Structures are given as C-alpha cells and as structure tokens.
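A.B. asks:
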Amino acid sequence: MKNSDGFTLIEVMAALVIAALPIVVLLQAGFTGAAENQAAAGYDQALARAQSRLASFGTLTPIQAETLSGDDGGGYRWQVKITKLAGNAQLGLYAIDLTEIFGGRVVELRTERLAVPS
C-alpha cells in the first residue's frame, strides 16, 4: 500500500510558481506606473520652464532674429529660435520656437509676437 499523506516537492514548487506569477505582474505594473509618473512630472516641469522662458521674450528679453540656448539646471536644457516673419522699420512679426530638452525627451512651444525691430 502506498502512503500519500502530503505533497511532493514538485507539487509544492508548482504551487509556488503559480502563486508568484500574479505577484511578478503586479510588481512590474507598479514599477511601470512609477516610471510613467516620473516622466509625467518631468514633462510638467519642462512645460512650466518653457512657458516661463517664452513669457520673458518681449518683456525681459528683446525680440530679434537669433538662436539662443542654455542650461536650466536639473538636467533641463533649452533652445530658442526667433525668426522674423514679416514687418517694416516700425514693427515686426516674429516666430519664437522654444524647445525644452530633458532626459532624452522634448517639449516644444511656438508663438508669434509683434515687436519693434532692434
């Protein structure tokens, strides 16, 4: 007569593997969610920096056709390209293209402003 009081090692291992699969999936989803949350926070920060810099053109920074770039710190860099679209000696229409770069990602903003040519 055969004694079958208990589980074999194979049965216990199979049960552990089956129980571990949902845990691995949940952990992966949690880590992916955390990474996406960090990326979204980076986009928010880049957008705020880009909007702030864009608002300074015409008030703190004169508008003239040129290309500028710099480092915002914290891993954020910016580039601005200002192009004169139309105008005369008294007033010009300028396109301002601003790019904020962070961690291999990019936020781009564009606006048009009227300004007195310098």
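Per numbering that gives the first Met the number 0, the sequence shown starts with residue 0, numbered consecutively.
Glycine is no exception: its CB is placed at the ideal position from the N, C-alpha and C atoms.
Just so it is clear, the structure is predicted and the values come from calculations on it, not from any experiment.
1. Mapping the DSSP letters down to three states, classify residue 5 as helix, strand or coil.
2. Let's see if you can read the secondary structure: which residues bound the beta strand (DSSP E) around residue 84?
3. Between the Cα of residue 112 and those of 22, 78, 69 and 55, spot the shortest distance and give me the residue it belongs to.
4. Does DSSP classify residue 106 as helix, strand or coil?
5. Exposed or buried, residue 97, counting other C-beta atoms within 10 Å across all chains shown (16 or more means buried)?
6. How many Å lie between residue 50 and residue 62 at the Cα?
7. What are the start and end residues of the beta strand (DSSP E) that includes residue 56?
8. Express the C-alpha separation of residue 13 and residue 19 in angstroms, rounding to a whole number.
9. Roughly how many angstroms separate the alpha carbons of residue 48 and residue 90, rounded to a whole number?
10. Which same chain residues, not among the five before or five after residue 0, have their C-beta less than 7 Å away from its C-beta?
11. Since residue 42 sits in a beta bridge, which residues does DSSP pair it with?
C.D. replies: So, from the listed chains and residues:
1. Position 6 of the sequence shown, counting from 1, holds the residue named residue 5. Of the three classes helix, strand and coil, the one that applies to residue 5 here is coil, per DSSP.
2. Position 85 of the sequence shown, counting from 1, holds the residue named residue 84. First-last of the beta strand (DSSP E) with residue 84: 75-86.
3. Counted from its first residue, the sequence shown places residue 112 at position 113. Among 22, 78, 69 and 55, the Cα nearest to that of residue 112 is on 55.
4. On the sequence shown, residue 106 is found 107 positions in, with the first residue counted as 1. Residue 106 falls in the strand class under three-state DSSP.
5. Here residue 97 refers to the residue found at position 98 of the sequence shown. With 16 or more other Cβ atoms within 10 Å, it is buried.
6. In the sequence shown, residue 50 corresponds to position 51, counting from 1. In the sequence shown, residue 62 corresponds to position 63, counting from 1. Their Cα atoms are separated by approximately 16 Å.
7. For the purposes of this step, residue 56 is taken as residue 57 along the sequence shown, with counting starting at 1. Run containing residue 56: none; DSSP gives neither H nor E here.
8. As a working note, residue 19 is residue 20 in the sequence shown. As a working note, residue 13 is residue 14 in the sequence shown. If I take the Cα positions, the gap works out to 10 Å.
9. Numbered from 1 along the sequence shown, position 49 holds the residue referred to as residue 48. Numbered from 1 along the sequence shown, position 91 holds the residue referred to as residue 90. Their Cα atoms are separated by approximately 28 Å.
10. Looking up residue 0 in the sequence shown gives position 1. In this prediction, residue 0 scores a pLDDT of 49, lower than 50, which makes its location untrustworthy; the coordinate-derived value is nonetheless stated afterwards. For residue 0, where only same-chain residues beyond five positions count, there are no Cβ hits under 7 Å.
11. On the sequence shown, position 43 is the one that residue 42 refers to. The partner list for residue 42 (beta bridge, DSSP) is empty, contrary to what the question assumes.
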